[in-house]
Each structure stands twice: as structure tokens, then as C-alpha cells.
Amino acid sequence: MPPPSRRTGWLSLPNLLGGSHRGPKTDAAAPVIGPGPAVALYAVAPLRGVEHLVLDDLSAYADDRGWVVPAGCAVADSGPLDQPSNARTGWQRVRAAATGHLVHGVVVPSFAHIAYRAGDWERERAWLLEQGLFVVATDPTELQAGLAPEELRA
Numbered sequence: 031m032p033p034p035s036r037r038t039g040w041l042s043l044p045n046l047l048g049g050s051h052r053g054p055k056t057d058a059a060a061p062v063i064g065p066g067p068a069v070a071l072y073a074v075a076p077l078r079g080v081e082h083l084v085l086d087d088l089s090a091y092a093d094d095r096g097w098v099v100p101a102g103c104a105v106a107d108s109g110p111l112d113q114p115s116n117a118r119t120g121w122q123r124v125r126a127a128a129t130g131h132l133v134h135g136v137v138v139p140s141f142a143h144i145a146y147r148a149g150d151w152e153r154e155r156a157w158l159l160e161q162g163l164f165v166v167a168t169d170p171t172e173l174q175a176g177l178a179p180e181e182l183r184a
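According to my numbering, the sequence shown is numbered sequentially starting from 31.
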């Protein structure tokens, strides 16, 4: 039996957005797995073998909000943050989950885990918006710079 949650309630992402957030690409409703929106967890760990430490924190963050992490969607790469995002196998798995409509959003420790350089972040941010995904950084100093569900209403 899972431990009790501190969560008091939640609204599913389609309710927050007033309908499907996938845009004109598909007429099908966005998939919801379990009680809340499905999210991918992604991080870059500085050393191989410690990836689970970062992913555990991201998993707790998602669980506290009622978000579900589908099997295979908790992914970490190891190495420096400044490696190109297109060269990271873990990030490519997250992108595949997004294009396969398995997730509604991505949870990261900070946006630098997706792309370290400003130009790379803008490219990845544009792609994430195109996919209709929200992105949340668990570092409170970065929360204002990401993609909130409200941005997807445009």
C-alpha cells in the first residue's frame, strides 16, 4: 500500500486548459493515465550511478501534485549540463514519449537540464510548445521562466 500523500486535491490538465491541449495536430483527447496528467521526469546527473537520487525528488514532486509517471518516462542522463540536448539519449526518450502522446508535461530540476545554452533552450522550448507540453522546474528560482499550462491556451 502506498504511503499517504500530502496532496489535498487536483484538477486534470485538460480541465485546467479548457479542452485538449494538443492543438490542431489531433482530434483525439490527450491521454490521461490514472488520476492526473502523465508527466515525464528528466534530469542530468553529474555522475553515473546517482541518477536515482535526482529522479526520486522529481517523482515525489509529481506525486504530490497527483501527476502520474508512465513506465519508462523517468529518465536521466549523466555528465555535464552543457552537453547538446540532441546528443543525450535520455532526452531523446522524453521527446519520443512526447511525440507518442504518452505525456502531458515534463518535470525537471531546472531548465538547464533540458538545454544549458539560451539558444538551445529557445529551440527546445519552441518544440515543447509545439507538442503542447507544459514544463515545470522544481527549483523555485526558475518557475517563472518555464512553460506553464496557462501558456498553452494561446
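We put the CB at the ideal spot given by N, CA and C, even for glycine.
Hey, quick one: how far does the beta strand (DSSP E) through alanine 70 stretch, first residue to last? 69-75
Label aspartate 169 either buried or exposed according to how many other C-beta atoms from any shown protein chain fall within 10 Å of its C-beta, with 16 as the threshold for buried. exposed
Are there three or more Cβ pairs, one per stretch, closer than 8 angstroms when the stretch 77-86 is compared with the stretch 96-111? yes
Within 10 Å of its beta-carbon, does leucine 77 have 16 or more other beta-carbons around it, so buried, or fewer, so exposed? exposed
Please classify valine 74 as buried or exposed, where buried requires at least 16 neighbouring CB atoms within 10 angstroms. buried
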